[in-house]
Each structure stands twice: as C-alpha cells, then as structure tokens.
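**Q** Chains as they are written, first to last, in the numbering used here: chain A, 16 to 744; chain B, 16 to 744.
Think of the CB as a built atom: it goes at the ideal place given N, C-alpha and C, for glycine as much as any other residue.
The structure's right below; bear with me while I get my questions together.
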C-alpha cells in the first residue's frame, strides 16, 4: 500500500487483495470498508489507511432477537378494508401482508392497542363491538352496517428485517432471516451496549465504526408474496411499541392512537403534510434515538475510534438537518449520492463532521452484469454531482459492494480513476472553502422546512414510471431542486411554522413554493391560513420575489385554488371556474426572461392553469395551458412555472428567473456563464476558478469576473478546468 | 305554395319571397318563421302553412323599459378581489365590468342588499365597517387587515340585454340598446299582459307564438371592454330583485344572502354541485316563471293560436324536464340541436308537446361567408343527430337566420333537401313510434338528476380549447353522453337525492357516474355520504353494474379518493398514496370486452389512475395510467374508463360495456350491429328496420333480428336505408 493519503473509501472483498491494492492506489483511496455481504481480509486490515467497519447493532445478535419476540421492531398496520354484507363481519388483520415478515403482536392486548374503524362512516367501532380470537387470528365485529367498509389497525411485530428480506429476495442471499430488536426497551439497550463494548474490544483494527442503523429502519411494508407494497425512506412508521406510546403520553400530555400511525392507510408518507401529532411523535423518537446513538458514539470514541453513519438506509431519529443530530457525535456523515440534490442533502447539513459521498452504482450484480454499462449510469450521476459540488464543499468520496464485480469492467475502473482525480484537484484547489454566490438568499417554503432540506420531492409521475430497477427511487416528474442544487445562491428551507413564528427573514429575497397539490412540498392546508397569505403578499409587495412551480399555494378556499393566485397572476382550472371565458394565450416574447426560454426548456404535461390577471405575461405555454408566467405585484415580482425538469438550459433559466425576481437583471452579475452547459464557480479564498462542461461536446462561454473583466473560455466535452484568478486566463 | 303538408319550419326574409317559395317546396316546409333581425313579408303571411312569430315580451316595449329603471333585470355581481395595503380600502364595485351593460342598482339600499367580504379570512365585513358613496360609486372600508383581499357583492341592473349586446357587437346590428324588464313585479306583469293582448289582436296571421324568453335570460357577464367574462347557459343568476328575495324568505322561511348568488365568484355554475339554497331559489323562480308563462300561453290559446318555446336561449324557469314545465301549456318545444345529446335533451322531455329541432348552422354571416363550408358543419351534426333520432322520436325540424345567405351556397341547399327527405322517410316509416331497446334500464347518476337530463357535461378541456367561433359552445373533453345518445337503451337520469329518498329502482340495471372531480356530474361532496355508498355497493353486489367515467365518485375522505374505488377496483393518485408501490400494468387481452377496444378507441390524457385490487383487469392504458378496467364485485360488475370521447367505435364499445355490466354478454342481443359504423334500429310498431351508415365509406354489417334470423347488409357511405321486416331482406 502507498503511504499517499487519499480521499476515497474503497470496499474490500476477501480473495481480491490484489485488486484492492491496485485500485487503492489508482483511485487514491485512504480508507477500506466492508460492505453488507463482504468482510475485511486480514491482509488488508493493517496499513496507512482507515478501516471502516459496518455496525448495525439492532440486528447484530440474532440469538438475543430470537429469544425475545417481545423486543422485536413493531409497527401499526391497517388491514385491507373489508366490506360488511351483514350485521357481522370477520377480518383477518394480516390478510394481504407478508406472513414471512409480520406476526400479530399478541404481547400487547388488542383491546387496548388496536383500533377498529368503520371507514365508510368515518368513525371508530367501540371495543365492545369487536373481539380478537387468537386461535383463528381473526377480529370478529358485531352490529356492523351492511356495505360499510371496516378496517383493523393492529400492532405487528417484524420477524424479518426489511434489509435482510431485500437481500434474500433480490440478491439471493442465503442464510437465516435476520430480525431487529428495539433499543427503546432498557433490557435491549443494555444488552446491545454490552455487545458493542465487546465488539469494540474485539475489533482493534477498526478505526471508524460505520453505523448503518442506530435504532429503526425506513418503512417498507411487504405484501402477501413478500413484494414491497409501501415504501417511505424517511418515514417513522416502524418505531412503535406500547411502552413508547405510554411514555409519549406522559411526556406530551396526550395519547396517540393507532390512527395517528395508519393515517387512514396513508401512513404519514413524507410527501404528506405532517400532522402536529405525527411531528410530536417524530420529536419523541428523535430524542430517543439521539440518546441511544450518542451513548454508542461515546463508547466508540472512548475506544479510540471515530464514528461514521450511513444516511442512505438510516434516517429515523438521526436527521442531519435537525439540531439534535449534532448531539450524537458522528464524525463522518456518509450519504448515498446519485445527483446534485442528494449531494446537497449531505453537504448542506450543519455541523463540523466530515461529509463523505457514497456514489452509485453500488458494485452489485444488478448493474455489474454482462451487457450493462455502469459507466453510463455513473457519468449521468457525476455530471449532476459536479455541479452541486461547486456550490458547497464535499470532503470525501467512496463506493460500496463487490470490488471483484467492478473490476470486470475496465472502462469503469478508468472512469472512477478520472472521477477520483477530478475530486483530488477539487480538494486541492478549493481547500474545502465556499465558492462565490449571487446576491440574495433564496428560501424554499414547504411543510417540512429545514428539517427535510434537500429531500427529493416525490411526485405523482413516479408511480406511473416503470423504473429499470424497482429498488432505486428514480425520481421523475418535477425536479427543480436538481436545477437549484448547482446554482450559486444561498438556499434555505423554511416551513409555514417558521413564517408564522418568525415572519420572513430580511435576507430572504425570493421564496419558492413548489410541488404538487396535496403534498407537504406545496403545503396543502397550510395555505388555509390568512397569516401565511398576508405575510407572503407583504413580502412580495415590498420588493420580494415569489416563484411557484407545479401547484404553488394550492388549496381550495374562499374562491381561489391557488391561494396566492393574486400574486402569481394565474389560477388552476379544477372544474369550478369553467364558466369563466378563456382568452387565447399570447406568448410574450419581449420579456427579459424570454431569451432563456429556449427549445431545450420543456414544459411537459398540461397544467390546466390560466392567466387570470390582465397584466399576467405568459412566457411559455403548452397549447392553451400556461407553462411559464411573470407578474408584478406591488414592488415585487412573481413567476409561475408548471414544471422545471432538470437539464442545463432549464437550470440556466431558473438562475435568471431568480435574478429577475430579485430585480437584479439590470445589475452586472459576476460569474454568470452565458452558455447553459458550462458552470462557472469562483473560490475567493483560494482565488481559483472552476469551469465545468456538462455536455459531451466542446463548448465556449463568456462571463465577467468580480472586477468586471470579461472572459471567454472554451472547454472540451465534459472538461473540468481550473484557472488561477491571479494569473491572466 | 304547395298544399303538401311538410315537417319543417323555414325562416323568411323580406325581399326573398321567391327563394322562400322555392325552398318551402324543396325542403318540405309547412311553417314559416321570422328570426331575430328578419320580419315576415306580407306576401308570405297567408297560405297553407303555419306562421311562427317570435315573441320576447320582456324586451318588447322599450319605452316602458326606459321609463322604469327600477324594473330592469338585476343580478348580484362580485367585485374583483382588492387587496388592502393599509387599514382602509376603497373598492369600485363595477371595476372590470362593462359600463355599457351594468349600473349599480341604487334603488335598493346597499347597506341592506350588498355584502362586503374579507376573502382571505373568509368572513363577512360588518356593515358598520363600510359605506357606499353614491357620488364616487365607491365602497369605503375601514379596519381592514393589510394584505387581505376584499370583495363587494352588489346588485347591478342591466341596461343592455345580453342578446342585444351580442348582436350589436358580433353581428354589427345597429339600433338602440335593448333593455329587459323583470315580470316579477306586478306592474311589469300587468303591462306586459296588456302589451301581449294587443299584440295578439294585431297579429291575426300568426298561428304559432314562438316565445323566446318568458322572463329571464341565461347568464352572461361582460367585462370592461364588453367582452364575455362568464357564461352559464342554464344559470339562474339574472333573476334577482329585492322584492323576490323578500318573498322567497316568506315562502322558504329563511333569507338568501348575496353570497348565495356570487358564490365566492363561482356564481353557482351549472357544472358545480348545487347547494340546497340555490336549488330552493331555482324552485322559487321556476314557480314564478311557470305562473307568468302559463298566463301568456292561456292568452295565446284563447286567441286561437298555438304556442312554441325556443329552449336554446331560454331555460331559466322553464326547464322541460321539470314537472312544472307541463303546466305552462307549450304546444311546441323547439330545441337548438347540434348533436345527439341536444336532440335527446329535446326528445326525451316528458309531455305531449311537439318536438321541433332547430338545426345548425344558423344562417348568419359568421358561417355563410365565402370560403366557409356550411355543408361540412351540417353533416358533422347530422351524422350524430340521425343516430339519436333512431332512439327517441322527433316530430319536426327547422332552421333560422337569413335564407338569402344560405341560398348563396347551392350545395348546402341540396344537402338540406337531402336531410329533409331523410326526415320525411323517418316520419313515414316510424310513425313517431319508439324503436326496440336492449334489456335493462341505464341510470346516469349526478347531482342534478332528471331535472338536467341530457345537458352537455362541461369539462375542463373546454377552457383550453380555442373554438373557431367563441359564441358556440363546442364541447371538447369527455362526452360519453354523445355515445349514449345513439344507443338503444332506456336511459334515466337520477340524482343523489333520488337515491337517498327512494333507493335504486328495480328496473335499473346499470348506474353510470361520469365527469370530472368537483363537478355536479361526478357529484363531489355527494359522495361523502355513507348511505349513497352502501346503497350503490349493495346494488352492484346484488348483480347490478357500475360504470365510472372520468373521476367517478371522486371525493377525498376516509382513506379513498374514489369513494367507490372498492367497487371500481381503481384509485386515483392525487399525491396522497405515492408511497404505495406500483406494479407495472399488464393489459388483459382475454376479457370479453377486449375485442371492442380497437385502435379507434382512444383514451387521451393521463388518468393518474391505478388498479388497486389484485383482481382488477386492465383492458387499456395510457402508459402506466389505467384507461379502462373491469372488476367483479359480489354478483355484479364494474367498469372504470378514463374517458369516452365520441366516435362510432367508442360508442360500440360502450354498448358492449353496458351489455357486459348487465351480465348479458352470453345472451343473444337482437339488432346488435357488428360494424361500429352502422346503426340498426327496429320499429316493432311499424315493423320497419332502419340501417344507418355513419361513415363516408361503404360498410357491411351483420346482426340478428328478434327471431334470431341472421342478416348481412351493405350500405353506401352515409346511406340511411329502411327495410320492412315482414319481407325478406
């Protein structure tokens, strides 16, 4: 092994020591890691490099898990709705769910912890009208109303961990079915601490403990044939136990009910506006997990090891944007990064920890198989990631999986060598400093605010898109966040609660509200609040900018569907205003922004949005459906866009939209590339200039620097060039 | 003039006596009419034909109207929302409205009859916080909340009748601006009766009084530059007066408010679910108009004349499907008919009156101008109308406008000659009897029920469609009603109220619910009623059929958006279930209905609908969006279709869907054409068989008669052939 200190974490694999040694050097690695399914060969455990060892404590001791079904992970599930045909009805709660994964939790009394609902009348069935028969595993209801639907919300315990299940079913892993235990219980926590103490002692070569689940996993519900039926990578559904619910009641002064978790079958999906009760439960869980995790980190530190956490599988209770995250004591935050948004999710979180990006593709047979082109997938990602890297510093990179598989694709090895070399230059030239940003902070307003900053905003299109790999959440639909991730603006995520509590900070110059109706992203019922509306109207009237994308401020009330339709100058036709006479659209080609609405800027789909102010200027449309519209409101401005799917031209349009919304279009903006395919970033601390070509073709751009000097630069396809600004370029 | 008694009403025009005489014969006319803008030449007033004379009493005496502004038609308008920037605000109620058409109604006290609302907080501003200044025509508000929007709902009087305005602006008619008076006032009513009595005396040649507005007109709101800004051809907005409101309160025991009319700016559009208060107002107005109209009809009858009413412009208070309509004493109901739905709206209304179809195009310069092809428009209509004529008897046909214009298009004259000749055969062969229908009644369920049977169901697409002629409501979007208008089923329209009051009649075999979410057609909040849901579930479970088109049973509640999604087997993604994992669609090509899902059956647009029952069979899709799905539910069946735009193949699919929903697909159905372009209708009373080819090409069809005899018939393009069933064919 070389003594050169690199910047990459390399996955190892027993029997592939020579490959590891070769790639360690070529890829400029400085750390080795095991992966799920691989272990660290002894020959590699020592050397001038870090050794990351995976630690998933809640599934570490299967003997303990098997001996204690009462400590397994539990969750509330809702039975499928069953229709009564008479005045009595029997429901098998687990009907339709995986019997390999779930058991009814009979350790908690159904009459106390379960709930039966009439979903047609929308009411609770009194416990006196039903009983659970443990013999047949059925719930029997009496006095039902014929042709009403009934559901049972019940506690299930998980006898097969979702990740173990995934690897068994997708990657054909053999071996026992793994169970996870819930460290909420003092007995479990004590046992895991003992286990971990022993582990620390018996792993002297480990320099970094790479935690991959502190307490709870993301939500995956599995159906009858073990197929996924519901997923929420950032949901808090699998954190429930009767004891925790009792303690919650003591702490918050009110009791949660099964309905707070099953949510009429919607399960508080992250894309939904969270109820206050669900947010309270999240806070409760966060406190618990932070407590557990900080204790474990302390133990690791005491043993002379650093701690890392992989955020890809693991979010619940350890969300990096929450203030409590910093209490845990994580030294390295590892994010699974496939695009600019995922990178910003990693790099923008506060705190002093190291940020390490785990890139895709993972070295698994689903991608690394004959006929596949892993370079293409990687390059698609890398183009997006580079953009975002220019805007916020990244510290390390890494990969995971089977190195032997990757090694069968020499072009991929070369490609990663190139990535790593570009990354090395980036570290050298930037010294991990912040690049220059345009004037004015941009705030993204949604129901989650900063807590869920840079979370991909799931859209309806996702359901109607058949992904090449079902386990990979390939986001389709509206992704203006991806455009934004590579733009030189200070970005802040704010919530409606923030506005109600603190108003709008003076340094915020533009507010963006985007996403589909009914979602946490657009805000839904949060718009049914006069204070929110008047606050934003005032903000715009006094010179601010409002950008609405998708269904901004959508909530039907008081004669409007877009509650800020007065500011945005548009309204959506939801079949309530069909009598209003439409005027044919005239596209305004004289607007300052019109020049950036090029052919590459596409507005897919029909918005059903129309201009309803006479002075609304329509800049683009899809037939008679407004796609892009600009308005003035008091001293401020607004833009409505039906969507902003990521590409470089749309990103450049967004950059100019933000500048226009800040009324800065007449001001000279330095480092504003006139070629949409080339990004320019200036690092004032190191006086270095980065120029990155996102296109496979040669491109030329012109821009001005902060001294108003004019530059013209040509880059080869995909080239990333650095220039010192103290020398002439 | 020939003594031949025909079946057509012909418009006359002074100076065109020879043309009239010629066409009277060629078109087999038996009646002459004047039109708006034409009058009856003396030379034609006598003869062996009826003379229809237009009578619009409310605008007949302009001297009276000009002398009595307090009797003009009045309506509630809502001012545009105005945003307060401080704690006081002034609003010009008429801002944005036509000053040529409206005046503020100062004869009624604003403090009593107007209403000011805070549209951001959603509440009424107390009258003590505003006053009206008649000098400036402004409403001044105090104690406003900054950045809240305010509106004034005010009474306006109409100083220019909408029809007069239309003819002046669109057809460049000169002459004074006509005003309409409100016969609600006893003084007006007495005056108009006197006027009418005199008119009857002075029009001895008139045999038919053709009323074209008894009391009130449809709703058209006009903007600042006299452009239409809101239209509702069947709305009751322009029927308001303080006296009527007072009388309403006495009669119904509660007072209506301005908000009941302006409806947050939605104005109770016919496509909206009507409130009980709006329906009460409609009942009130209907009683008034029936009272006025029946008195006028009685006078006409006493003078030895028959009465006709033109339904095209005139609906308010005289809706032919209401039981009270028959009290009026109309002898001839004239409908403006451009398609099958309009024809069925005319022919399906109960009562003994004669049904006369007024065909399009109207002989006006907008169509009859050089370069235009009126035959093409007429033929498009005629193909649809013929289909529907086979299903319900029609008595007469007619045209309107300037005969001299039509006469400049000889192909059009020939074309109408052909239409009239086909109509004559139809009368002869059918003897105005009912054709054979398939088994089982089909009910169409919406918020209006039978009261608004066969009303075109406006869809959102209409707004985003630029019509060739803005005044013609060219319906685009979902029009399964057009498909249905030509199918041999007994059709009944039912309302949710019907179901709640009477349940579902035993003879109903299929219920159709269709239309977009939020509309009166789909039903919106009516679906938030357990009794409606359980009633329909029981109906299907016991063997009935449910057909949902568009957004059937759409209402977000209790964990479902499609409230009957359990029966339909589908759910719509409105961004609340994005975590539910999608399974790629497999199109079922083995279903009994699959053979009818041909390439000509198109499902435009993305439904955002997915199958959510395992046994839902998807028969067609648009990508991963379900377009057509079939389910079984108990002993019954259901079909979901995303849309059913009219064409012959889609109509034939619908015919088979209805047969399948009745579980009759195994039974031999007589007169079921196997060629979608050919309709077959059998008239048992006359033993005549009609065969109609809707396509321009030669077509062959096979079918069985009621004696199970097999027939094979070839028809030329557009041919309509009659066969006697007692002879071999």
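(1) I want to see whether chain B comes within less than 7 Å of residue 545 (chain A), judged by CB atoms only; does it?
(2) Interface residues of chain A around residue 752 (chain B) at Cβ under 7 Å?
(3) Would you mind reading off the limits of the alpha helix (DSSP H) that contains residue 41 (chain A)?
(4) Fully enclosed by the segment 380-415 of chain B, which alpha helix (DSSP H) runs are 4 residues long or longer?
(5) According to DSSP, simplified to helix, strand and coil, what is residue 90 (chain A)?
(6) Please classify residue 791 (chain B): is it buried, with 16 or more other beta-carbons within 10 angstroms of its beta-carbon, or exposed?
(7) In the DSSP output, which residue or residues are listed as bridge partners for residue 373 (chain B)?
(8) To the nearest angstrom, report how far apart residue 741 (chain A) and residue 456 (chain A) are at their CA atoms.
(9) Chain A beta carbons: is any one of them nearer than 7 Å to that of residue 549 (chain B)?
(10) Using a Cβ cut-off of 8 Å, pull out every chain B residue sitting near residue 144 (chain A), in sequence order please.
(11) Decide yes or no for the touch test of the segment 217-226 of chain B against the segment 60-69 of chain B: beta carbon pairs closer than 8 Å, at least 3 of them.
(12) Is residue 781 (chain B) helix, strand or coil by DSSP?
(13) With a floor of 3 residues, list each beta strand (DSSP E) that falls wholly inside the segment 224-277 of chain B, ordered by position along the chain.
(14) Can you check whether the CB of residue 347 (chain B) is closer than 7 Å to the CB of residue 371 (chain B)?
(15) If you follow the beta strand (DSSP E) that residue 461 (chain B) is in, where does it begin and where does it stop?
(16) Cβ of residue 589 (chain B) less than 7 Å from any chain A Cβ?
(17) If you measure between the beta carbons of residue 609 (chain A) and residue 634 (chain A), is that distance less than 7 Å?
(18) Taking all protein chains shown into account, decide if residue 30 (chain B) is buried (16 or more other Cβ within 10 angstroms of its Cβ) or exposed.
(19) Quick one: does residue 479 (chain B) have its CB under 7 Å from some CB of chain A?
(20) Could you have a look at residue 20 (chain B) and say whether DSSP puts it in helix, strand or coil?
(21) Which residues in the same chain have their Cβ closer than 8 Å to the Cβ of residue 100 (chain A), if we skip the five residues on either side of it in sequence?
(22) With residue 500 (chain A) and residue 411 (chain A) assumed to form a contact (beta carbons below 8 Å), what rounded beta-carbon distance in angstroms separates them?
(23) Would you list, in chain order, the members of the segment 520-534 of chain A that have their beta-carbon closer than 9 Å to a beta-carbon of chain B?
(24) Is there a Cβ from chain A that is less than 7 Å from the Cβ of residue 472 (chain B)?
(25) Per DSSP, which one or two residues make a beta bridge with residue 118 (chain A)?
(26) In its own chain, which residues sit with a C-beta less than 6 Å from the C-beta of residue 720 (chain B), not counting the 5 before and 5 after it?
(27) Identify which residue in B:627, B:311, B:583 has its Cα closest to the Cα of residue 244 (chain A).
(28) With burial defined as no fewer than 16 other Cβ atoms inside 10 Å of the residue's Cβ, what is the status of residue 205 (chain B): buried or exposed?
(29) Counting only runs of 3+ residues fully inside the segment 639-693 of chain A, write out the beta strand (DSSP E) ranges in chain order.
(30) Skipping 5 residues on each side, what residues in its chain have a beta carbon closer than 6 Å to that of residue 106 (chain A)?
(31) Note down, in chain order, every chain A residue with its Cβ under 8 Å from the Cβ of residue 638 (chain B).
(32) Helix or strand or just coil, what does DSSP make of residue 637 (chain A)?
(33) On the three-pair Cβ rule with 8 Å, is the segment 573-588 of chain A touching the segment 500-516 of chain B?
(34) Compare the C-beta of residue 243 (chain B) with all C-beta atoms of chain A and state if any pair is closer than 7 Å.
(35) For residue 297 (chain A), which of helix, strand or coil comes out of DSSP?
(36) Using DSSP with H/G/I as helix, E/B as strand and the rest coil, what is residue 607 (chain A)?
**A** Reading off the structure:
(1) yes
(2) Chain B is shown only over 16 to 744; residue 752 (chain B) falls outside these bounds and no answer can be derived.
(3) 32-41
(4) 389-404
(5) strand
(6) In this structure chain B extends from 16 to 744, so residue 791 (chain B) is not present and cannot be described.
(7) B:351, B:413
(8) 28 Å
(9) yes
(10) Within chain B, no residue comes near residue 144 (chain A); the closest Cβ sits about 17 Å away, beyond 8 Å.
(11) yes
(12) Lying outside 16 to 744, the shown extent of chain B, residue 781 (chain B) is not represented and no answer is given.
(13) 234-237, 243-247
(14) yes
(15) 456-461
(16) yes
(17) yes
(18) exposed
(19) yes
(20) coil
(21) 161, 162
(22) With 8 Å as the limit, residue 500 (chain A) and residue 411 (chain A) do not qualify as a contact, their Cβ atoms being about 19 Å apart.
(23) 530, 531, 532, 533, 534
(24) no
(25) A:172
(26) 685
(27) B:627
(28) exposed
(29) 640-648, 651-656
(30) 94, 97, 154, 167
(31) 479
(32) strand
(33) no
(34) yes
(35) helix
(36) coil
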